[in-house]
DNA sequence: GTTCTAGAAC
DNA sequence: GTTCTAGAAC
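In full-length UniProt numbering, the protein residues as written are 1 to 764.
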């Protein structure tokens, strides 16, 4: 059989449908689930589909691209829609298939961009009967293919691209395609998180991880309303109702039922979502933080007035639970005295987590009066928002920030799994931390209302700007136009990266990876030094003392009881003579107690109060250079002993042991002590900061950049030489014991890697 | 940092 | 059944 054709259409022969046929080009590595996707859709769908599979097109065996094209053409002629089931990973591979499109044929891409590990382990399973060798081959094939991966762009000729990075997204795409009747069409555009076409304000994109969130399209929504509401249907369909969890075995009758339910959901979704962008916010700091209501209401009105002309068609709503709320009535009366459009700003009595379901008020963004730890609980608005939003909010929040300083805000896209998203249409929660006037709460300001008012004012600025960034961003993304946001279309353009950093973080920048581009997002939300408790917040959980400033910018962390061993050695090397290789005035050299490679030593700084890279400043430059010199001296000795070794010198961005220590480690990683992913990634991701780079950064900026995001330590396992991915540590170790690929170019530059030249030259 | 171990993955 | 991971305890 050269084609799988399943015709579920009940239409009589010869009577063509009104809708166009679709060519869906699957894109994904072996093991990404392309065939499964097609098969499931074909079983569930009422539309006639043909699957063109290059692997089996030739009487069950692999065929050619030409055969695929021919069969696709004839399937289309027969009135079928077509799946192109081959990898199609680069633009060139899929170009011929895109040309199948025309006035009667839409061409879609469905990208199954799952983690390499997932594809590899599935491929291994499929081919793995012959054991490891075959498994290794499968891994190599997947890795090689993924290197060629180019995500599709609309300008290649696709009318619709669905990009799935997770199983859940695959399921959503599956739902979308399987409910398509013979004449249904899907809206055009890019759907998914990783959009190579998106050129919108990189800074904001970096910040808002999930920029394509299906929410408001701004005032020009009509044109794109269909696409907006449909994607919502997709999301809702995938997660909200039990009966929508589609079984691939469902028959045609239930499909029709499901399709009509889907329509119903769609109209609900439209009601919920296709309205003016609205921010609902509670009064910040006036409840538990006991901020003076008179002063707070002045600030709210002042800030609202300031933002009025930037809002375009968006609205701000001050919400309070109780009807007799003092703050609400104060704000109401003060706003009435100002020139404030009551359509754009008003007060509302109700539960901020049920504004739509109980109050009929549609708000796509709600603000949360958060605590500094950004944790659920505590009571009040914070507790009820976290509770209503479910655990996904806590998770999404944690991805972006671990803590917040008074006067700051953090914008969190709400996962579509959250009940707040599904039931209330809330796409984002903006956490805000206000000034505290309550002596029994953290960061108490005493009675300093000068500071308090400044911080509260900063809060509302951060909150409203965060909201505008969402509105503007989404309007751009969904319309591709910049003229739909009312009087100030360029709010975002006024937002430099620096502004964002200042507004949302002004602190440690963490690194995440996205589509091969390294970008920074704010992880910790630190205020300026003038702000209250700027540094104590992170360093003293539970014991925040507003008056206890640290002078330099470093943060001290709390060290576990095990973590002081190196400190003791550095302070009293004479007591540890047996473990020590060398002592100088500046440093102590010793073997790592649990070496992660054949050669692994530590160069300890003998300097009190210098616990980690974060503490290092300009004044430590000489010391750090001395440590490097000693490290290099030992490296050279080791290389004389064994010319086949390679060495790197560097620091862990967030060490587990206190006392600044330089790792000198050979790159064989041949050690029984290298036991887990964290061990590997701590030496083989950006978490490991090369000593040469650290020195450069101290010279140029007075301090080193830290890349201490936990996610670096849980990244997929990749060979440090050939960059191939491996499903687990034992497999990786077995691979690296044989891999002799040359090291990546970045390591071969600037002396990051030390080795005997003749050794490298002899590499294959 | 390591060790121990439950339970997930194979 | 064994292997492997990840979280808690130290």
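All C-beta atoms, glycine included, are put in the ideal place defined by N, C-alpha and C.
Are residue 657 and residue 570 touching if we call contact CB-CB under 8 angstroms?
Here residue 657 is not near residue 570, since their CB atoms are 8 angstroms or more apart.
Own chain residues within Cβ distance below 6 angstroms of residue 459, not counting five before or after:
These residues qualify, in order along the chain: 284, 407, 432 and 434.
Closest by C-alpha distance to residue 295, when choosing among 383, 451 and 178:
From the listed residues 383, 451 and 178, the smallest Cα separation to residue 295 is found for 451.
Collapsed DSSP secondary structure at residue 588 in the structure displayed
In this structure, residue 588 counts as strand in the three-state DSSP scheme.
Starting from the C-beta of residue 559, find all residues in its chain whose C-beta is less than 6 angstroms away, skip the five residues before and the five after it, and write them out in chain order.
658.
With burial defined as no fewer than 16 other Cβ atoms inside 10 Å of the residue's Cβ, what is the status of residue 24: buried or exposed?
Buried, by the Cβ-count rule.
Quick one: residues in its chain with C-beta nearer than 7 angstroms to the C-beta of residue 418, no 5 flanking neighbours on either side, listed in chain order?
Taken in chain order, the residues that qualify are 389, 390, 392 and 393.
So residue 568 is in the alpha helix (DSSP H); what residue range does that whole segment cover?
That run of the alpha helix (DSSP H) goes 565-571.
Out of 89, 33 and 100, which has the shortest C-alpha to C-alpha gap to residue 795?
The question about residue 795 has no answer here: the residues shown for the chain are numbered 1 through 764.
Can you give, in chain order, each stretch of the beta strand (DSSP E) that sits fully within the region 75-131 and has at least 3 residues?
Correct list: 81-85 and 105-112.
Enclosing alpha helix (DSSP H) for residue 708 [first to last residue]:
Taken as a continuous stretch (DSSP letters only), residue 708 belongs to no alpha helix (DSSP H), as it is neither H nor E.
Alpha carbon to alpha carbon, how far is residue 745 from residue 646?
Residue 745 and residue 646 have their C-alpha atoms some 14 angstroms from each other.
Please identify the residue among 609, 307 and 465 whose C-alpha is closest to the C-alpha of residue 339.
Comparing alpha carbon positions, the residue from 609, 307 and 465 closest to residue 339 is 307.
Counting along the chain, where does the alpha helix (DSSP H) carrying residue 693 start and finish?
DSSP places residue 693 inside the alpha helix (DSSP H), whose first and last residues are 691-701.
I think residue 380 touches residue 288, with their Cβ atoms under 8 angstroms apart; what is that distance to the nearest whole Å?
About 6 angstroms separates the two Cβ atoms, so the contact holds.
From this set, 723, 734 and 728, which residue's C-alpha is nearest residue 147's C-alpha?
Nearest to residue 147 by alpha-carbon distance, out of 723, 734 and 728, is 723.
Residue 413 - DSSP class collapsed to helix/strand/coil
In the structure shown, residue 413 sits in a strand (DSSP, three-state: E or B).
How long is the line joining the alpha carbons of residue 95 and residue 156, rounded to whole angstroms?
Cα-Cα distance, rounded: 7 angstroms.
Sequence-distant residues of the same chain with beta carbon closer than 8 angstroms to residue 661, five excluded per side:
Leaving aside the five residues that flank residue 661 on each side, the residues in its chain whose CB is nearer than 8 angstroms to its CB run, in chain order, 566, 602, 603, 604, 605, 651 and 655.
I need the DSSP call for residue 391, collapsed to helix, strand or coil.
In this structure, residue 391 counts as helix in the three-state DSSP scheme.
Whole angstroms are fine: how far does the CA of residue 352 sit from the CA of residue 426?
About 10 angstroms.
Identify the residues that DSSP records as bridge partners of residue 189: which are they?
DSSP lists 160 as the beta-bridge partner residues of residue 189.
With DSSP collapsed to three states, give me the class of residue 287.
Of the three classes helix, strand and coil, the one that applies to residue 287 here is coil, per DSSP.
For residue 643, count neighbouring C-beta atoms within 10 Å of its own C-beta (all shown protein chains included) and say buried if the count is 16 or more, exposed if not.
Under this definition residue 643 is an exposed residue.
What number of angstroms, rounded off, separates the C-alpha of residue 463 from the C-alpha of residue 409?
One C-alpha to the other measures close to 6 angstroms.
Contacting residues, own chain, Cβ-Cβ under 7 angstroms from residue 653 (five flanking each side not counted)
Closer than 7 angstroms at the Cβ level, and outside the excluded window around residue 653, lie 613, 687, 689, 706, 707 and 708.
Per-residue DSSP class, three states only, for residue 280
For residue 280, the three-state secondary structure derived from DSSP is strand.
If you reduce the DSSP assignment to three classes, tell me which class residue 347 lands in.
If DSSP states are grouped into helix, strand and coil, residue 347 belongs with the strands.
Mind reading off the beta-carbon distance from residue 186 to residue 47? Whole number of angstroms is fine, and I expect it under 8 angstroms.
The C-beta distance from residue 186 to residue 47 rounds to 11 angstroms, too long to meet the 8 angstroms contact threshold.
Closest residue to residue 87 among 120, 118 and 32 (Cα-Cα distance)
Comparing Cα-Cα distances from residue 87 to each of 120, 118 and 32, the minimum goes to 32.
On the premise that residue 403 lies in contact with residue 422, defined as a C-beta separation below 8 angstroms, what is that separation, rounded to the nearest angstrom?
About 28 angstroms; that fails the 8 angstroms criterion.
Span of the beta strand (DSSP E) holding residue 754?
Secondary structure note for residue 754: its beta strand (DSSP E) is the uninterrupted segment 753-755.
For a quick check, are the C-beta atoms of residue 424 and residue 354 less than 8 angstroms apart?
In contact: residue 424 and residue 354 (Cβ atoms closer than 8 angstroms).
Under 8 angstroms: do the region 157-176 and the region 105-118 share three or more Cβ pairs, one atom per stretch?
Yes, since at least three Cβ pairs between the region 157-176 and the region 105-118 fall closer than 8 angstroms, the two stretches touch.
In terms of residue numbering, what span does the alpha helix (DSSP H) encompassing residue 628 cover?
Per DSSP, residue 628 belongs to the alpha helix (DSSP H) from 621-641.
Would residue 365 and residue 430 be called neighbours here (beta carbons separated by less than 8 angstroms)?
Closer than 8 angstroms, so yes.
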